[in-house]
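First residue of the sequence shown? That's 1 in UniProt numbering, and the numbers climb one at a time after it.
To start, the structure under review is shown below, and the notes come after it.
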Amino acid sequence: MDLAENRFGKTWKHFLEVLKVDYNCSLADVCRDQHTTFGGMSSWMSRRGYSVKQVKADAVCDYYGGVEPSRPTTFSPSFTQIAPAMLSEEEFSLSGITITFNSGTTISVKRTTPGGVIKMLRDYERKEGDPCIL
């Protein structure tokens, strides 16, 4: 087994362990903590048929009594750290965007990814109860 295969395998096992205690953890965060590239990890998972969605569903059954834990209610700027699966954040990011919500709230974001914007809109929708149309 070469070093990359070993590193990806260890990162995957670590993600499964973290998932047992923190359902809201992201694979991207675990990759960053383990010094593994998210794009490389995604390719490695794809070749093996591994799925974050599936292991999270399994974790709900095995560790959370069949009930998906809710996301934390505090607003966090962590949405800027989400990276697309096959591109690095530097290769595919948005800079200097401004979003104005129906309530009149305006948010200016220095740098994020498209996925980060979508996550932020979903979090806002849950908090405010107003639908956000993308």
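Here a beta-carbon is modelled for each residue, glycine too, at the ideal position from N, C-alpha and C.
Please read all numbers here as calculations on a predicted model, not as lab measurements.
Measuring alpha carbon to alpha carbon, tell me which residue in the options is nearest residue i.
i: residue 53; options: 16, 21 and 37; result: 16
i: residue 6; options: 45, 114 and 21; result: 45
i: residue 111; options: 27, 40, 94 and 2; result: 94
i: residue 25; options: 3, 4, 49 and 55; result: 55
i: residue 34; options: 47, 49, 62 and 14; result: 14
i: residue 23; options: 2, 62 and 3; result: 62
To which residues of the same chain is residue i closer than 6 angstroms at the C-beta, ignoring the five residues directly before and after it?
i: residue 86; result: Because the pLDDT at residue 86 is just 49, under 50, the model does not fix this residue reliably, and the point stays unresolved.
i: residue 36; result: 7 and 11
i: residue 109; result: 97
i: residue 65; result: none
Tell me which residues share the same chain as residue i and place their Cβ nearer than 8 angstroms to its Cβ, disregarding the 5 neighbours each side in the sequence.
i: residue 41; result: 8, 11, 12, 27 and 31
i: residue 18; result: 25 and 30
i: residue 51; result: 45
Quick check: residue i and residue j, are their CB atoms within less than 8 angstroms of each other?
i: residue 20; j: residue 57; result: no
i: residue 99; j: residue 107; result: yes
Under 8 angstroms, Cβ to Cβ, is there at least one residue of chain D near residue i?
i: residue 31; result: In the displayed structure, chain D is absent; only one protein chain is listed.
Quick one: residues in its chain with C-beta nearer than 7 angstroms to the C-beta of residue i, no 5 flanking neighbours on either side, listed in chain order?
i: residue 48; result: none
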